[in-house]
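Chains as they are written, first to last, in this note's numbering: chain A, 61 to 208; chain B, 61 to 208.
Notes for the one structure printed next.
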C-alpha cells in the first residue's frame, strides 16, 4: 500500500485548491462521517489515519483507525457489514471527510442498530436530560460479532 | 449557565441507558456533525465542549467550541447564519453528536458555501488525487464575515 498526500499550503490553497492535503491531528487522525447513501442518515462517526484514508480512496471500501484498539480496521471485517463508498467529500480545512456509503448487512453499529445515533437528546427541557430511543435493534450483535 | 452531565458507567449503561453521559476527549470535546434538516447534507463537522453542548441543549441553537481560537462560539454570531436545531442525537459511546439544523442565511461554511464539504475526492483512481468542486459559492464571505 503506497500513498502520499500533498503538503499543506496556505489557507487559500487548502480551501480553494484541488490538492488533497489532509490535516491530521496530533494523533495522526482525521474525523470521518459515514452517511447512508440512500436515506441520508448519519450511520457513524469514526477516525481515519493516513493509511485508512488512502485505503478507502484506493479500494472504495471504508477503512478506519480504532483509537481504543490502536489498529487499522476495515469496516465489516468481523461482522461482514462492509461499507461501499459511493462518494467521498472533504471539508474546507481538510480535517474531516464525509463518505456516503452503501451499508451491507443490517446495520453499522456494534450494538445491533442500523446507525450509532439511535437515541435523541431532548432539547429545551428543564431538569436532567433523559435520552429517548428512536431506533430498534436490527440484528443481534452477539451473533454477528461473536464469531471472532 | 448551569449544566451537569451524568457520570459514565459501564459500556452497557452508556450504550443502552437513558442518561446523557458524554465522553469528552483529552481536550474536553465531543465531535458534532451538523446536517441540513431539509436536504440531509452534511453542513459541517465541529466540536463542542461541555458548555457548548449544554447551551445547545438549553437554547436549541448550535453552539461550538473553536479549537483554533480556543473559544466558545454561537454559530452565526458574526455571520448571522444561525443554526436552529431540529433534532439532536448522540451515538452509542456518547463521544459524538448529530444535529439536524435549519441553517439560516446562505450557508454554513466560512468560505461562502452552503456546506463545508464542497469538494469530492475521486475514488479508485491511479496517480495523485485531484479534488473536484461540487458546490458553488452561495455568498460572499468577505461581506458576511467582514463586519466584525
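Don't be surprised by glycine CBs; every beta carbon is placed ideally from N, CA and C.
A quick note: this is a predicted structure, and the numbers were derived from the prediction, not measured.
Residues of the same chain with a CB within less than 8 Å of the CB of residue 68(B), apart from the 5 flanking positions on each side, are 74, 81, 83 and 154 in chain order. With contacts defined as CB atoms closer than 9 Å, residue 104(A) and residue 186(A) fail to qualify as a contacting pair. By the neighbour-count criterion, in which a residue is buried when 16 or more other Cβ atoms sit within 10 angstroms of its Cβ, residue 72(B) is exposed. The criterion of a C-beta distance shorter than 9 Å is satisfied by residue 102(A) and residue 102(B).
Taking C-alpha positions only, residue 199(B) is separated from residue 89(A) by approximately 31 Å. With a beta-carbon spacing of about 6 Å, residue 173(A) and residue 197(A) fall inside the 8 Å limit used to define contacts. Listed in chain order, the positions of the segment 119-141 of chain B with a beta carbon within less than 8 Å of a beta carbon of chain A are 119 and 120.
If you keep only unbroken beta strand (DSSP E) runs of at least 3 residues inside the segment 92-137 of chain B, you get 102-108, 123-126 and 131-134. Across the structure, residue 176(A) and residue 156(B) are spaced so that their CA atoms are roughly 10 Å apart. If only uninterrupted beta strand (DSSP E) runs of at least 3 residues are considered, those enclosed by the segment 150-193 of chain A are 156-163.
About 12 Å separates the beta carbon of residue 136(B) from that of residue 145(B), a gap too long to meet the 8 Å contact definition. Scanning chain A for C-beta atoms nearer than 7 Å to the C-beta of residue 102(B) yields 93, 95 and 158, reported in chain order. At a cut-off of 9 Å between beta-carbon atoms, residue 194(B) makes contact with chain A. Put simply, of 100(A), 139(A) and 95(A) the residue whose alpha carbon is nearest the alpha carbon of residue 166(A) is 139(A).
Here residue 184(B) is near residue 118(A), since their CB atoms are less than 9 Å apart. Scanning its chain for C-beta atoms nearer than 8 Å, with the 5 sequence neighbours on each side dropped, one finds around residue 85(A) the residues 155, in chain order. Here residue 143(B) is bridged, per DSSP, to 163(B). Under the 9 Å criterion on CB atoms, residue 75(B) is classed as interfacial with respect to chain A.
Scanning chain A for C-beta atoms nearer than 9 Å to the C-beta of residue 162(B) yields nothing, as the closest lies near 13 Å away. Residue 90(A) has 108(A) as its beta-bridge partners, per DSSP.
With respect to chain B, the C-beta atom of residue 89(A) has no partner C-beta closer than 9 Å. Excluding sequence positions up to five before and after residue 149(A), its CB lies within less than 6 Å of the CB of 158, all in the same chain and listed in chain order.
Below the 7 Å Cβ cutoff, chain B contributes 147, 148 and 149 as neighbours of residue 180(A), in chain order. Excluding its 5 nearest sequence neighbours in each direction, residue 123(B) has C-beta neighbours in its own chain below 6 Å: 112, 115, 116 and 134, listed in chain order.
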